[in-house]
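Below: one structure, written as structure tokens.
Numbering (the numbering used here), first residue to last: 1108 to 1224.
Right under this line is the structure:
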């Protein structure tokens, strides 16, 4: 799930930061695409908020892997989508209620999903 959500989030970087609501004149396919894109962005933000509290329980390599989701590529300028994901991660970091076991299990599940997809 993380891999597909991150892939879609990367594709959305070329889409305006705030997706315009579908109008009545827009074809049904466009409205569906926009709804799916918005759901993917919100899903990725939810993942970042969930992973944020785990930073204190993760290895440096795991932290780098998570942070690369919202850090721009070397030749890329930061955009609204990356800023939105980074803000979600930072909000999550404020939550200190996640246990080390929860966080390690979460990262194991992400690793398995990346291996499959």
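Beta carbons: idealized from backbone N, C-alpha and C, even for Gly.
Judged by DSSP secondary structure, residue 1157 falls within the alpha helix (DSSP H) whose first and last residues are 1135–1158.
In this structure, the alpha-carbon of residue 1137 lies about 36 Å from that of residue 1160.
With a cutoff of 8 Å on beta-carbon distance, residue 1179 and residue 1189 are scored as near each other. DSSP places residue 1210 in the uninterrupted alpha helix (DSSP H) bounded by 1207–1223.
In this chain, the alpha helix (DSSP H) harbouring residue 1188 covers 1187–1200. Judged by beta-carbon spacing, residue 1177 lies beyond the 8 Å limit of residue 1165, meaning their Cβ atoms are not closer than that value.
Take the alpha-carbon of residue 1151 and the one of residue 1173: they are about 11 Å apart.
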